[in-house]
Amino acid sequence: MATSLERNIRDAAIDLSAYTVSLDGPDARQPDVLTERIATHLTGTPGFAILYATRDVLAGHGLDIGDHRDTAYALLESVFRSTMARIDFRRFTVVDRPMALASMDVDGFNLNGGFSHDHKIESRAFMTSKCLHFDAATPFVANIYGLNENIGGGHPLLSDVRGYCRDHAVAPSEVVDAIPNNYNVVISPAHYAQIRDHYTVGLDIDIDTDMIAILLLNEVAFGVAHGATAPFRKDESKPARRPLRHFEYQFESDGDYVAWYGHYDVPMVEAKDYAGENLSLDYYEPAPFDRFVKIGA
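For the sequence shown, the numbering used here begins at 145 and goes up steadily by one.
1) Tell me, to the nearest whole angstrom, how far the beta carbon of residue 371 is from that of residue 291; I am working on the premise that it is less than 8 angstroms.
2) Nearest-angstrom Cα distance between residue 318 and residue 167?
3) Using only CA atoms, which one of 257, 438, 393, 416 lies nearest to residue 244?
4) Please name the residue in 337, 357, 397, 241 whose C-alpha comes closest to that of residue 439.
5) When burial is assigned at 16 or more other CB atoms within 10 Å of the CB, is residue 354 buried or exposed?
6) Residues in its own chain within less than 6 angstroms of residue 328 by CB, not counting five upstream and five downstream?
7) What's the call for residue 321, buried or exposed, on a 16-neighbour Cβ count within 10 Å?
8) From residue 398 to residue 325, what distance separates their C-alpha atoms?
9) If you run the structure through DSSP and keep just helix, strand and coil, what is residue 221?
10) Residue 161 to residue 155, Cα distance in whole Å?
11) In terms of alpha-carbon separation, which member of 236, 165, 293, 174 lies closest to residue 205?
12) Do the region 396–414 and the region 306–315 make contact, defined as three or more Cβ pairs closer than 8 angstroms?
13) Only counting the same chain, and skipping five residues up and downstream in sequence, which positions put a Cβ closer than 7 angstroms to that of residue 389?
14) Classify residue 339 as helix, strand or coil using the three-state DSSP reduction.
Spelled out as structure tokens, the structure:
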């Protein structure tokens with residue numbers, strides 16, 4: 145439950161400045177001792193890893209993270225790629241079809257307009273999901289957060305859906321449902337409150353002056369759901385941004401996606417422009433949330 149998840153979060157929080165990492169770009173091979181540790185977290189318990197202190201790594205090379213965000217992105221991407229090279233995907237996907245890594249830059253606070261995640265589906269305006277959800281049809285994801293600008297709240301959340309299903313003898317396919325006008329899948333009404341209240345913990349982590357990455361085993365049958373508390377503009381008179389770079393594995397054909405949704409008996413909906421749908425943590429009803437683990441200084 146939440147207490148064991150809190151312990152797992154502390155164990156899976158990795159200070160990158162404790163390792164001799166390479167800044168040689170997104171394809172750089174990172175230290176085996178680091179990527180083996182991350183892969184163990186991803187493929188076993190707890191099913192996630194949290195990378196932080198990117199700012200300190202850059203500072204050690206005489207670089208300011210605010211001026212060298214591209215270097216920070218490349219570092220975190222290279223750690224993800226190096227870790228994925230250690231993992232046999234076939235163990236963690238329910239639809240064994242070819243996949244390729246893709247990335248997208250979004251704003252986790254404002255409306256994203258004219259956006260196509262793979263440059264193949266029709267572009268649309270959308271808001272990022274803060275409700276407890278799984279990203280659709282990708283066994284592993286990495287989300288890079290930071291540097292926030294004039295943002296309060298917006299704390300990343302992790303939900304131990306695997307533990308909930310084990311404790312309550314529930315099949316993973318029973319706990320997810322379609323989100324109207326959205327490709328992600330949300331925790332279903334019968335299970336949402338229990339998972340939110342007893343199997344979810346938030347991260348109290350600096351994403352104002354640091355850039356962090358959360359790597360997840362995202363497949364519903366094996367993994368960890370995620371979401372966020374509501375972000376807000378700290379100073380209403382100033383612009384606000386919540387940058388997020390998202391990495392996921394994508395199928396080659398539409399038929400593969402149909403097979404994935406069908407595995408969980410969830411309808412594959414067609415998403416159009418965002419039309420004000422509720423995508424917040426309070427997806428079904430408002431409720432207080434106050435369980436956070438502090439990470440870093």
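Don't be surprised by glycine CBs; every beta carbon is placed ideally from N, CA and C. This one's a predicted model, so the numbers in the text were calculated from it and none came from an experiment.
Taking the geometry as given:
1) About 21 angstroms separates the two Cβ atoms, so there is no contact after all.
2) 43 angstroms
3) 393
4) 357
5) buried
6) 273, 277, 279, 280
7) buried
8) 17 angstroms
9) helix
10) 16 angstroms
11) 165
12) no
13) 217, 247, 249, 288
14) helix
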